[in-house]
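Under our numbering, think of the first position of the sequence shown as 1, with each following residue one higher.
First the structure, in the form of structure tokens, and then the observations on it.
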Amino acid sequence: MKTRLGFAIATAGEPEILLLDEGIGTGDARFTERATRRMRDFIGRSRILVLASHSEYLIKSVCNKAALMQTGRILDVGPVDEVLDAYNSNIRREK
Numbered sequence: 001m002k003t004r005l006g007f008a009i010a011t012a013g014e015p016e017i018l019l020l021d022e023g024i025g026t027g028d029a030r031f032t033e034r035a036t037r038r039m040r041d042f043i044g045r046s047r048i049l050v051l052a053s054h055s056e057y058l059i060k061s062v063c064n065k066a067a068l069m070q071t072g073r074i075l076d077v078g079p080v081d082e083v084l085d086a087y088n089s090n091i092r093r094e095k
């Protein structure tokens, strides 16, 4: 219940810049579905979203530009698909 209340309070404002680390990962399926809808609306009301995530689905669904970072350094910036390709290539090289 605390998580739900905190989420409701956090998404009640009108942000100009929204910083989001990953996505919603807690709660039951019904809460997650409702929270996802509310989060999309919240993101839509912000002018700028800065999202830190490894989820390609989440990045593709809410971002129009991406930056690839590693150990605090920016390796690439550009269109989402190009940066995700660079990320995946980088991951394959590290294996």
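Note that CB positions come from ideal geometry on N, CA and C, so glycine has one too.
Item: Tell me which residues share the same chain as Val50 and place their Cβ nearer than 6 Å to its Cβ, disregarding the 5 neighbours each side in the sequence.; Value: Leu19
Item: According to DSSP, is Met69 helix, strand or coil?; Value: strand
Item: Roughly how far, in whole angstroms, is the beta-carbon of Ala16 from the beta-carbon of Arg47, given that I think they are within contact range, below 8 Å?; Value: Looking at the sequence provided, one finds Glu at residue 16 rather than Ala. With a Cβ gap of about 5 Å, Glu16 and Arg47 count as contacting.
Item: Tell me whether Lys83 is buried or exposed, calling it buried when 16 or more other Cβ atoms sit within 10 Å of its Cβ.; Value: For the sequence presented, residue 83 should be read as Val rather than Lys. Looking at its Cβ environment, which holds 16 or more other Cβ atoms inside 10 Å, Val83 is buried.
Item: Which term fits Ala66, buried or exposed, when burial requires 16 or more other beta carbons within 10 angstroms of its beta carbon?; Value: buried
Item: Assign Tyr87 to buried or exposed, taking buried as 16 or more other Cβ atoms, counted over all protein chains shown, within 10 Å of its Cβ.; Value: buried
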